[in-house]
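**Student:** I'd like to ask you about the structure that follows.
Numbering (our numbering), first residue to last: 94 to 937.
Here it is as structure tokens:
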């Protein structure tokens, strides 16, 4: 067996096997240990040559020349050249013929040498133990300290000395040598006492501390405290093993921070500025002392993303700012929504970060130089006086630049922050990446919601007509849901006879479906209103329309069932207000004496549901009173699906008590708001301010569905604006009618209209005399237009037809249709009214 090579550090002599060799290499003494090792008794081996103890085929190549000379008496001068100490390992012959690998040591004596041997395995184990201890105390990155039972240092390895900045520790406690803030010494000594008292180890206890100056960085260790025992099992000390897990803990902290950023930044409402502000608030003060977010304009949802925004020099707009320092000079930064001149500077640090798509880290000097080069004195002064470390992180989403986030750490003494390290830069980059995704989601939502709201606005009246007998103000509140769409609507429709139709409705469903239903019902209600039907007739026909629409949605289970509607007609000449409701809460009247009350009227079932016929309530109207109509969503925070059917429990409608207390539009709340806000003189009240006041007082913050509010002031038509005459059932009345109309037109200063008006009056009166029934009445009305009406007590409906060349009649209504701007027929209990309308000269 070949002898092993010399170890890096020779082992110390050990074992009790030794012999004395004279100068001739003869054995002079043989110890009992040597007898146990090789089996030779002293009487048998003494006097023999030591060389004979080598194996049958000795190979002393493992020993150097000087070392092998101890066993080779034939080599001249071997005693003079040999070195004392460890000789190495060699195979020795056992008495039973086997070989024993042994480590050999030589010690010079007077006239000879003392040879000592030990089994090779034992020596190698001892060498391994020695090497392990050396490695632990000199090369190991793990801090190891050994304490006695008085908690005083016995030993501390190199890593431990480096971690605590220690020099001389032996015989002293950690409290006596530790720098301030290294760790919690009270807790450390408590852990030592616990192990000494119980004899049980403490394994992997996480300990936090602070590195010595100048770094002062946060340290985290995993500490294990082991009891050390003597040969009899008694406790003789403690071993502390501290593994620095600061990097791992920092990595976990970064991962936690990034995950939390994704939840907190993207978990708010879908608003771009709100999302940007959540990003700034999240990183301050945990990651930096000050942060701001700059975005390109399209990131706010105002346009399509521009992949060339950086190259084209598109300016950056301030979206959010956050600071942990109350001394920060706010006047030095742009306000939210303003252009950031420093970030928008071509070739500046922000633009360089965006161009490279990588974070850019600058010191105070680098930032000052960049600001000074750009001519921005304000930014340069801030960089020189306040900034310690400046980090710009570009925000890209799917290869599209959205903007960037800037993180700043201030100088001491106002801040103890360090410069951003590489790990913090990576963390900031990941946070901004997740924030960019959230900003993109908010941008998409803002764009789609804007389109939806534009659609909603186009479905609602863009401009209400100017009617001298009605003052109107209205508000529409979009739904708070993702789409912003809903089914609430309002309408203001001019009718014949200077009358006005007021409509407020709420289509069933949510989102796009509700908006589609609303458009259908609004169109249908306008068509039916133009037919001069009464309110209950309008609702009855809309109810049938709803049931027919249901057939279109039957396979999908949807449909407009449950749509509510309030339809009212105001006649300023009779000073009457006629109303009918299909499941809609009644309106509220604010009278001139500031008393607000819900209108006493029956409430029918919502459209599309089986119900009794709708009923019309007609009430006298006092000039100057204010009428407020709202949808059920105003002030309602519950889901639409939880609303009750106002007409489901009472087939034939409801009284004021029922109607005022059940509508989801909460007429009681509306009534109370109007009573509190009502002007002492409702006839002169600002209706727009009244609308705003009602909305402010009602709960709208938690409302999910959309809502509409319309406030109107109704007035009678002045007597000088209309004239009426009773006509006899005599053909000669046609000429009298022309004369009456001509005189009235001249009195109103409308002589330019007398020719066409005379022709139309002649035809209408002639038709009434020929086909109608007396009594016959002629009426002229001047409001925005000139309206001529002929009333008779026949229900026969006139029709326009194209007369043939040989026909003697049939051309009268055709001529009327050509001369009039609009014309139509309005039926009532006893007969009909045929009316024609033409614009006044000053109206074009």
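We put the beta carbon where it would ideally sit given N, CA and C, even for glycine.
Since the model is a prediction, treat every value here as computed from it, not as a measurement.
Is residue 940 near residue 601, with beta carbons less than 7 angstroms apart?
**Tutor:** Because the chain is modelled from 94 through 937, residue 940 falls outside the range shown and cannot be assessed.
**Student:** Please go through the region 556-601 and give each complete beta strand (DSSP E) segment of 3 or more residues, from N-terminal end onward.
**Tutor:** 563-570, 581-587, 593-599
**Student:** Nearest to residue 520 by CA position, among 927, 837, 106, 380, is which residue?
**Tutor:** As a working note, residue 520 is residue 427 in the chain shown. Nearest of 927, 837, 106, 380 to residue 520, Cα basis: 380.
**Student:** Pull up the DSSP beta-bridge partners for residue 350, would you.
**Tutor:** As a working mapping, residue 350 is identified with position 257 in the chain shown. In the DSSP output, where bridge partners are listed per residue, residue 350 has none listed.
**Student:** I need the DSSP call for residue 953, collapsed to helix, strand or coil.
**Tutor:** Not covered by the structure: residue 953. The range shown for the chain is 94 to 937.
**Student:** Could I get the ranges of all uninterrupted alpha helix (DSSP H) runs contained in the region 249-291, with 4 residues as the minimum, in chain order?
**Tutor:** 251-257, 267-270, 278-291
**Student:** Residue 628: buried (16+ other C-beta within 10 angstroms of its C-beta) or exposed?
**Tutor:** Taking the first residue of the chain shown as 1, we reach residue 628 at position 535. With 16 or more other Cβ atoms within 10 Å, it is buried.
**Student:** Write down the C-beta distance between residue 387 and residue 496 rounded to the nearest angstrom, noting that I regard them as a contact closer than 8 angstroms.
**Tutor:** Start at 1 with the first residue of the chain shown, and residue 387 comes out as number 294. Start at 1 with the first residue of the chain shown, and residue 496 comes out as number 403. Indeed they touch by this definition, with Cβ atoms about 5 angstroms apart.
**Student:** Helix, strand or coil for residue 389? Go by DSSP, reduced to three states.
**Tutor:** Here the question's residue 389 lines up with position 296 in the chain shown. Of the three classes helix, strand and coil, the one that applies to residue 389 here is coil, per DSSP.
**Student:** In the DSSP assignment, find the beta strand (DSSP E) that holds residue 882 and state where it starts and stops.
**Tutor:** Position 789 of the chain shown, counting from 1, holds the residue named residue 882. Here the beta strand (DSSP E) through residue 882 covers 878-885.
**Student:** To the nearest angstrom, how far is the alpha carbon of residue 524 from that of residue 536?
**Tutor:** As a first step, residue 524 is located in the chain shown; it is residue number 431 there, counting from the start. As a first step, residue 536 is located in the chain shown; it is residue number 443 there, counting from the start. Roughly 18 angstroms separates the two Cα atoms.
**Student:** Could you give the residue range of the beta strand (DSSP E) that holds residue 812?
**Tutor:** Stepping through the chain shown from its first residue, residue 812 is reached at position 719. Where residue 812 is concerned, there is no enclosing beta strand (DSSP E), given that its DSSP letter is neither H nor E.
**Student:** State the start and end residues of the unbroken beta strand (DSSP E) segment that holds residue 199.
**Tutor:** Within the chain shown, the letter at position 106 stands for residue 199. Element bounds for residue 199: 192-202.
**Student:** Please give me, in chain order, every unbroken run of the beta strand (DSSP E) with length at least 3 that falls completely inside the region 471-506.
**Tutor:** 480-490, 493-503
**Student:** Please report the Cβ distance between residue 334 and residue 317, rounded to the nearest whole angstrom; I am assuming they are in contact, meaning their Cβ atoms lie under 8 angstroms.
**Tutor:** Sequence index remark: in the chain shown, residue 334 carries index 241 (1-based). Sequence index remark: in the chain shown, residue 317 carries index 224 (1-based). Going by Cβ atoms, the distance from residue 334 to residue 317 rounds to 4 angstroms, so yes, they are a contact pair.
**Student:** DSSP three-state label for residue 677, please.
**Tutor:** Here residue 677 refers to the residue found at position 584 of the chain shown. Residue 677: coil per DSSP, three-state reduction.
**Student:** Can the beta-carbon of residue 660 be found less than 7 angstroms from the beta-carbon of residue 642?
**Tutor:** By one-based count along the chain shown, residue 660 stands at place 567. By one-based count along the chain shown, residue 642 stands at place 549. Going by C-beta atoms, residue 660 is not nearer than 7 angstroms to residue 642.
**Student:** Please work out which residues of its chain come closer than 7 angstroms, Cβ to Cβ, to residue 864, disregarding the five sequence neighbours upstream and downstream, and give them in chain order.
**Tutor:** Mapped onto the chain shown, residue 864 falls at position 771. Excluding positions up to five away in sequence, the list reads 887, 889.
**Student:** DSSP beta-bridge partners for residue 938?
**Tutor:** In the structure as shown, the chain begins at 94 and stops at 937. Residue 938 is therefore absent and cannot be evaluated.
**Student:** From the DSSP output, read off the bridge partner residues of residue 925.
**Tutor:** Taking the chain shown and counting its residues from 1, the one referred to as residue 925 is at position 832. In the DSSP output, where bridge partners are listed per residue, residue 925 has 885, 920.
**Student:** So the beta strand (DSSP E) residue 297 belongs to, where does it begin and stop?
**Tutor:** Taking the chain shown and counting its residues from 1, the one referred to as residue 297 is at position 204. Here the beta strand (DSSP E) through residue 297 covers 295-303.
**Student:** I want to know whether the region 340-352 touches the region 476-493 - three or more CB-CB distances under 8 angstroms.
**Tutor:** no
**Student:** Check this for me: beta carbons of residue 912 and residue 849, under 7 angstroms apart or not?
**Tutor:** Looking up residue 912 in the chain shown gives position 819. Looking up residue 849 in the chain shown gives position 756. Contact: yes.
**Student:** Assuming the contact rule is C-beta atoms closer than 8 angstroms, residue 830 and residue 763 should be a hit. Round their C-beta distance to whole Å, please.
**Tutor:** The residue you call residue 830 lines up with position 737 of the chain shown. The residue you call residue 763 lines up with position 670 of the chain shown. Actually they do not touch by this definition, with Cβ atoms about 48 angstroms apart.
**Student:** Is residue 533 buried or exposed, if buried means 16 or more other CB atoms sit within 10 Å of its CB?
**Tutor:** Numbered from its first residue, the chain shown carries residue 533 at position 440. So residue 533 ends up on the buried side.
**Student:** State buried or exposed for residue 150, treating a residue as buried only when at least 16 other CB atoms are found within 10 Å of its CB.
**Tutor:** In the chain shown, residue 150 corresponds to position 57, counting from 1. Confidence at residue 150 is low in this model, with a pLDDT of 45, below 50, so the placement of that residue is unreliable and no value is reported for it.
**Student:** Could you tell me if residue 744 is buried or exposed, where buried requires 16 or more neighbouring beta carbons within 10 angstroms of its beta carbon?
**Tutor:** By 1-based counting over the chain shown, the position of residue 744 is 651. Note that residue 744 scores 35 on pLDDT, short of 50, meaning its location in the model is unreliable; the coordinates nonetheless yield the value given after this. By the 10 Å Cβ count, residue 744 comes out exposed.
**Student:** At which residues does the beta strand (DSSP E) containing residue 870 begin and terminate?
**Tutor:** As a position in the chain shown, residue 870 is number 777, starting the count at 1. From DSSP, the beta strand (DSSP E) with residue 870 extends over 869-875.
**Student:** Exposed or buried, what is residue 756 when buried is set at 16 or more other beta-carbons lying within 10 Å of its beta-carbon?
**Tutor:** The residue given as residue 756 occupies position 663 in the chain shown. Annotation note: pLDDT 39 at residue 756 (below 50); position unreliable, coordinate value reported separately. Per the 10 Å Cβ criterion, buried.
**Student:** In the DSSP assignment, find the unbroken alpha helix (DSSP H) run with residue 462 in it and report its ends.
**Tutor:** Walking along the chain shown from the start, residue 462 turns up at place 369. 457-467 is the extent of the alpha helix (DSSP H) around residue 462.
**Student:** Near residue 923, which residues of its chain fall below 8 angstroms by C-beta distance, leaving aside the five closest residues on each side in sequence?
**Tutor:** Working through the chain shown from its first residue, we reach residue 923 at position 830. The answer, listed in chain order, is 886.
**Student:** State the CB to CB distance for the pair residue 557 and residue 565, rounded to an integer number of angstroms; the pair is presumed to be in contact (CB under 8 angstroms).
**Tutor:** Counting from 1 along the chain shown, the entry for residue 557 is found at position 464. Counting from 1 along the chain shown, the entry for residue 565 is found at position 472. Yes, residue 557 and residue 565 are in contact; Cβ-Cβ is about 6 angstroms, under 8 angstroms.
**Student:** Give me, in chain order, the residues of the same chain whose beta-carbon lies closer than 8 angstroms to that of residue 397; leave out the 5 immediate sequence neighbours on both sides.
**Tutor:** As a first step, residue 397 must be located in the chain shown, where it is residue number 304. So the qualifying residues of the chain are 391.
**Student:** Leaving aside the five residues before and after residue 664 along the sequence, list all residues of the same chain whose C-beta is less than 6 angstroms from its C-beta, in chain order.
**Tutor:** In the chain shown, the residue the question calls residue 664 occupies position 571. These residues qualify, in order along the chain: 592.
**Student:** Look at the Cβ atom of residue 246, then the Cβ atom of residue 263, and state whether they are nearer than 7 angstroms.
**Tutor:** Position 153 of the chain shown, counting from 1, holds the residue named residue 246. Position 170 of the chain shown, counting from 1, holds the residue named residue 263. Yes. Within cutoff.
**Student:** Would you call residue 740 buried or exposed, if buried means 16 or more other Cβ atoms sit within 10 Å of its Cβ?
**Tutor:** The residue you call residue 740 lines up with position 647 of the chain shown. In this prediction, residue 740 scores a pLDDT of 37, lower than 50, which makes its location untrustworthy; no coordinate-derived value is stated.
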